[in-house]
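As they're listed, the protein sequences go chains S and U. Under the numbering used here, the first residue of the first sequence carries the number 1, and numbering increases by one thereafter. Under the numbering used here, the first residue of the second sequence carries the number 470, and numbering increases by one thereafter. Here's the structure we're looking at; comments come further down.
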Amino acid sequence: MIEPFFSIQEALEALDKKKVSALELTQACFDRIKKYNAKLNVFLSTSEDEALKQAKKEDVEPRTKPLQGIPIALKDLYLTKDIPTTAASKVLFDYLPQYDATVVKRLQNAGAIVLGKVNQDAWGHGVSGENSDFGPTLNPWNKEYVAGGSSSGSGAAVASGMAMAAGGTDTGGSVRCPASFCNVVGLKPTYGRVSRYGIIAMASSLDSIGHITRTVWDNARYLEVTAGKDPYDATTCDTGVPNYTLCLNNCHKKIKGLKIGLPKEYFVKGVHEEVKAAVKKAARVWETEGAALVEVDLPHSDYGVATYYIIQPSEVSSNLARYDGIRYGRSRRFFGPEAKRRIMLGTYTLSSGYYEAYYKKAMQVRTLIKKDFEKAFEKVDLLVGPVFPSPAFRLGAKKSILEMYMSDIFTCPINLAGLPALALPCGFSKENLPIGMQIIGPQFSESLLFQVGHYYQQMTDWHKRRPRL
Amino acid sequence: MSQKSITSATVQHIAQLANLTLTREEQRQLQKQLSEVLGFMDKLKLVDTKGVPVTSHVSGEVNVVRKDEKDKRALTVKKALSGAAQKEKKYFLTKNVFS
């Protein structure tokens, strides 16, 4: 009997014991996709024949690979050879990549089965999924609400049992936000931990290749596969890749004596009371095991959004310049309104006469924001805070552009500083909408984030709740 | 929220730099939206950044180079042309930029 909400850990055990086959797991995912995708608008394209063929192959081979037989989805920014890749934009409506992203190759070599490509805000531009050129993905917990963005399809695919894991990208919160809104686990790795080669670039100094799973253990296993230096991405680091799942054994021993910082700027007026309460209650779980909770200061927090929304659109305007319809894709007139807005904003802030006042100034404030975190990590081992100022909001609720941009307030500073952050479920609102928190660490501290997160998931069961579809 | 005043001439100039063709309505909307967003950005003027170095890159890597030899992942000409809207023999066709 296939359990649609198997974790990767449970599925690997069932596969090892031959209680289930990769073919059965993959077929079960496609059955769910056929049943629910029209309602939720998660997958933009599926590759059923290829996936079933690959699953059969993984069933025959000896079981040696870390994700062998595990069905996954990939955000449509990931180039997948000969499989449509659109960035959820009409500009790339009929684009067939000529090569695979490094991360795609690593996942396939690890035995994962790619089910298809999932929906997102076009080009990664958004916090809700509403900026997709192909309609928004709906939240599996309540179809009148957004799934979170920009990796909306990734969050919804895992939350609804259509896939066991999903690749995403996080430039200003785009893995953590859908994880938070959909009650799943989302990692934004350290900048340079995971290769960006073959993944459509949004903002090259901020993009982080993350992923979404149902549990922290699953998330750790997935990072073992995707992390590591890539000669095709000069920004990846030489730092060794630990055995992240092995690090989870006896994780409770890590908690006693740990210093966990709660940034006071992340619990201010304007943050939904239920979100603040849920995150503080979560922190007390670690305190009970012997961690110390410390209030810390991130004094430049108020400037994070302004800094981010100068640097990011500037880099976006440069990265999207290549879409001129000559080598691939269609005309630039097919860009949606948000893409045009960010290209225009970025072109302005980089243009002669404005570069110093905007881009250079933002790069200086970025230094100060990075230093805020460095100073905080002299006092504490980790930081904990909300991912988003509220639970998921209704489709169409955000009235203004600035209101949308301000929502990145707790996520974008982490990208500016290049730090890792793990988003995980920590409660539900009165309206039965998920609330997520994020654990933020110094660069390359993913092992510690996983240990602390895994301990939390052994003491709570928010992550085991399922939406009624 | 302070508004910066962006003129329609500026919008047209930026659109030209960005290689974007905008309708009159889009120009009007963008003028308003850019003014609002850029006005918000002005809050960075309040931050004292005297003597603060820029951060353009957070990973600390410097001067990553490779050997100057043929990359085994290089696409064949046929593959490289496969996504092109217009091509001729081994070339991408583009607009004439010299006239």
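Using N, Cα and C, we set each Cβ at its ideal position, and we do this for glycine too. Computed from a predicted structure; not experimentally measured.
Decide if S/H252 is buried, meaning its Cβ has at least 16 other Cβ atoms within 10 Å, or exposed.
Locating residue 252 of chain S in the first sequence gives position 252, where the first residue counts as 1. It counts as exposed.
Between the region 321 to 338 of chain S and chain U, which residues of the former have CB atoms less than 8 Å from a CB of the latter, in chain order?
Residues passing the 8 Å Cβ filter: A321, D324, G325, I326, R327, Y328, G329, R330, R332, R333, F335, P337.
Helix, strand or coil: how does DSSP classify S/N319 here?
In the first sequence, the residue the question calls residue 319 of chain S occupies position 319. It is helical.
Taking Cβ positions only, does U/E538 come closer than 8 Å to chain S?
Position 69 of the second sequence, counted from the first residue, corresponds to residue 538 of chain U. So no, U/E538 is outside the interface.
S/D100 to S/Y358, Cα distance in whole Å?
Locating residue 100 of chain S in the first sequence gives position 100, where the first residue counts as 1. Locating residue 358 of chain S in the first sequence gives position 358, where the first residue counts as 1. Roughly 36 Å separates the two Cα atoms.
Sort out for me which residues DSSP pairs S/G168 with in a bridge.
Against the first sequence, residue 168 of chain S aligns to sequence position 168. Its beta-bridge partners are S/G210.
Beta-carbon separation of S/K188 and U/T518 under 8 Å?
Against the first sequence, residue 188 of chain S aligns to sequence position 188. Against the second sequence, residue 518 of chain U aligns to sequence position 49. Their beta carbons are not under 8 Å apart, which means S/K188 does not touch U/T518 by this criterion.
Taking its Cβ as the centre, do 16 or more other Cβ atoms sit within 10 Å of S/D94, making it buried, or is it exposed?
Your numbering for residue 94 of chain S matches position 94 in the first sequence. With fewer than 16 Cβ atoms within 10 Å of its Cβ, S/D94 is classed as exposed.
Rounded to whole angstroms, what's the CA-CA distance from U/M470 to S/Q68? Just pull it up for me.
For the purposes of this step, residue 470 of chain U is taken as the residue at position 1 of the second sequence. For the purposes of this step, residue 68 of chain S is taken as the residue at position 68 of the first sequence. Note on U/M470: pLDDT 48, under 50, position unreliable in the model; the coordinate value appears next. Roughly 53 Å between the two C-alpha positions.
Let me check one thing: in DSSP terms, what residues is U/S504 bridge-paired to?
Within the second sequence, the letter at position 35 stands for residue 504 of chain U. According to DSSP, which records beta bridges pairwise, U/S504 is partnered with nothing at all.
Which residue comes first and which comes last in the alpha helix (DSSP H) that contains S/L433?
Taking the first sequence and counting its residues from 1, one reaches residue 433 of chain S at position 433. Note, S/L433: premise wrong, no alpha helix (DSSP H); not H, not E.
What residue range is occupied by the uninterrupted beta strand (DSSP E) comprising S/S45?
Stepping through the first sequence from its first residue, residue 45 of chain S is reached at position 45. Here the beta strand (DSSP E) through S/S45 covers 43 to 46.
Using DSSP with H/G/I as helix, E/B as strand and the rest coil, what is S/N37?
Within the first sequence, numbered from 1, the residue matching residue 37 of chain S stands at position 37. Here S/N37 sits in helix by DSSP.
Just checking, does the region 8 to 22 of chain S make contact with the region 76 to 83 of chain S on the three C-beta pairs under 8 Å criterion?
As far as the Cβ criterion goes, the region 8 to 22 of chain S does not touch the region 76 to 83 of chain S, which means the pair count is below three.
Which ranges does the beta strand (DSSP E) cover as unbroken runs of at least 3 residues, wholly within the region 279 to 348 of chain S, from first to last along the chain?
Runs found: 292 to 296.
Check whether the Cβ atoms of S/C247 and S/S447 sit closer than 8 Å, and answer yes or no.
Reading the first sequence from its first residue, position 247 is the one you call residue 247 of chain S. Reading the first sequence from its first residue, position 447 is the one you call residue 447 of chain S. In this structure, S/S447 lies closer than 8 Å to S/C247 by Cβ.
Within 8 Å of any Cβ in chain U, is that where the Cβ of S/I209 sits?
To locate residue 209 of chain S, count along the first sequence from 1; it is residue 209. S/I209 does not count as touching chain U.
According to DSSP, is U/F567 helix, strand or coil?
Reading the second sequence from its first residue, position 98 is the one you call residue 567 of chain U. Here U/F567 sits in coil by DSSP.
Determine the chain S residues that contact U/R542 at a beta-carbon separation under 8 Å, and present them in chain order.
As a working mapping, residue 542 of chain U is identified with position 73 in the second sequence. Correct list: Y99, Y232.
Using the C-alpha atoms, what's the distance from S/A292 back to S/G257?
Residue numbering aside, residue 257 of chain S sits at position 257 when the first sequence is read from its first letter. Residue numbering aside, residue 292 of chain S sits at position 292 when the first sequence is read from its first letter. C-alpha separation (whole angstroms): 7 Å.
In its own chain, which residues sit with a C-beta less than 6 Å from the C-beta of S/L424, not counting the 5 before and 5 after it?
In the first sequence, residue 424 of chain S corresponds to position 424, counting from 1. Taken in chain order, the residues that qualify are V185, G453.
Quick test of your reading: S/C426 and S/A278, contact by CB under 8 Å. State the CB separation rounded to the nearest angstrom.
One-based indexing of the first sequence puts residue 426 of chain S at position 426. One-based indexing of the first sequence puts residue 278 of chain S at position 278. Their Cβ separation, rounded to whole angstroms, is 5 Å, which keeps S/C426 and S/A278 in contact under 8 Å.
Taking the alpha helix (DSSP H) that S/V503 belongs to, which residues open and close that run?
The structure shown has nothing for residue 503 of chain S, since chain S only spans 1 to 469.
Verify the CB distance criterion: does S/R471 have a CB-CB separation below 8 Å to chain U?
Absent from the model: residue 471 of chain S. The displayed extent of chain S is 1 to 469, so no value can be given.
Regarding S/W123 and the ligand GDP, is the C-beta to nearest heavy atom distance less than 7 Å?
The ligand GDP is not among the ligands present in this structure, which contains no ligands whatsoever.
Rounded to the nearest angstrom, what separates U/V523 and S/R63 at their Cα positions?
In the second sequence, residue 523 of chain U corresponds to position 54, counting from 1. In the first sequence, residue 63 of chain S corresponds to position 63, counting from 1. Near 49 Å, if we compare the C-alpha coordinates of S/R63 and U/V523.
Quick check on this structure: which residue in S/W217, S/T171, S/G126 has the alpha carbon closest to the alpha carbon of S/A203?
Sequence index remark: in the first sequence, residue 203 of chain S carries index 203 (1-based). The candidate whose alpha carbon is nearest that of S/A203 is S/T171.
Should S/L345 be flagged as near chain U, meaning a C-beta pair shorter than 8 Å?
As a working note, residue 345 of chain S is residue 345 in the first sequence. Taking Cβ atoms only, chain U reaches closer than 8 Å to S/L345, which makes this a yes.
Return the chain-ordered ranges of every beta strand (DSSP E) run that is complete within the region 370 to 416 of chain S and spans a minimum of 3 residues.
Here the runs fully enclosed are 382 to 386.
If you check the beta carbons only, do S/A87 and S/W123 fall under 8 Å apart?
Here residue 87 of chain S corresponds to residue number 87 of the first sequence, with the count starting at 1. Here residue 123 of chain S corresponds to residue number 123 of the first sequence, with the count starting at 1. Against a cut-off of 8 Å, the Cβ pair of S/W123 and S/A87 comes out as a contact.
So for U/M470, helix, strand or coil by DSSP?
Within the second sequence, the letter at position 1 stands for residue 470 of chain U. No answer about U/M470 holds up, because its pLDDT of 48 lies below 50 and its placement is not dependable.
With distances taken between CB atoms, is the gap from S/R327 to U/A543 smaller than 8 Å?
Position 327 of the first sequence holds residue 327 of chain S. Position 74 of the second sequence holds residue 543 of chain U. Against a cut-off of 8 Å, the Cβ pair of U/A543 and S/R327 comes out as no contact.
Whole angstroms are fine: how far does the CA of S/G228 sit from the CA of S/I209?
Translated into the one-based positions of the first sequence, residue 209 of chain S becomes position 209. Translated into the one-based positions of the first sequence, residue 228 of chain S becomes position 228. Each residue's alpha carbon lies about 12 Å from the other.
Nearest chain S C-beta to U/S477 closer than 8 Å, yes or no?
Against the second sequence, residue 477 of chain U aligns to sequence position 8. Not one chain S Cβ lies under 8 Å of U/S477.
May I have the straight-line CA-CA distance separating S/F181 from S/K56, to the nearest angstrom?
For the purposes of this step, residue 181 of chain S is taken as residue 181 along the first sequence, with counting starting at 1. For the purposes of this step, residue 56 of chain S is taken as residue 56 along the first sequence, with counting starting at 1. Approximately 34 Å, taken between the alpha carbons.
Check for me: the beta strand (DSSP E) holding S/A423 runs from which residue to which?
Along the first sequence, one-based indexing puts residue 423 of chain S at 423. Where S/A423 is concerned, the enclosing beta strand (DSSP E) stretches over 421 to 428.
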